[in-house]
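The structure under discussion appears below in the form of structure tokens.
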Amino acid sequence: MKIHEFQAKEIFARYGIPVPQGTIAASADEARAATEHFGGRAVVKAQVHAGGRGQAGGVKVAQSSDEAASTAAAMLSTSLVTKQTGPEGVPVNQS
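Residue numbers for the sequence shown follow numbering that gives the first Met the number 0, so the first one is 0 and each next one is one higher.
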């Protein structure tokens, strides 16, 4: 089964399993708004079907909403390359 992390969290929450607060962003502006909503700090994660996102730069800690927006903008304009994706990578459409 291939599902994104945010989809797994939704399933866990449905069954009463605690999950960290979060939301999905498809743009830098959405990432900025989400970070402001959650208190000004965030972990921005590329939502792709591949392991090793953190080692490939697909997981970044943002200390402000502006940093979250710029991080999301950078992620959303690239493909993430991991050992599981091969050299062509996978486009990042959500963070």
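Idealized CB from N, CA, C, for every residue including glycine.
When DSSP builds the beta bridges, which residues end up paired with residue i?
i, result
"K59", "V43"
"L79", "V89"
On the criterion of 16 or more Cβ atoms from any shown chain inside 10 Å, does residue i qualify as buried, or is it exposed?
i, result
"E66", "buried"
"T22", "exposed"
"Q20", "exposed"
"V18", "exposed"
"Q6", "exposed"
Counting only the same chain and skipping the five closest in sequence on each side, list residues whose C-beta sits under 7 Å from that of residue i.
i, result
"K44", "E4, R52, G57, V58, S94"
"S64", "R31, T34, E35, G39"
Hey, residue i and residue j are a contact pair by Cβ (cut 8 Å); roughly how many whole angstroms apart?
i, j, result
"A41", "A61", "5 Å"
"A68", "A27", "4 Å"
Leaving out five residues on either side along the sequence, give the residues of the same chain with a beta carbon under 6 Å from the beta carbon of residue i.
i, result
"G88", "S78, L79, V80"
"T84", "A49"
Work out the CA separation of residue j and residue i for me, nearest whole Å.
i, j, result
"G15", "V91", "29 Å"
"F37", "E29", "12 Å"
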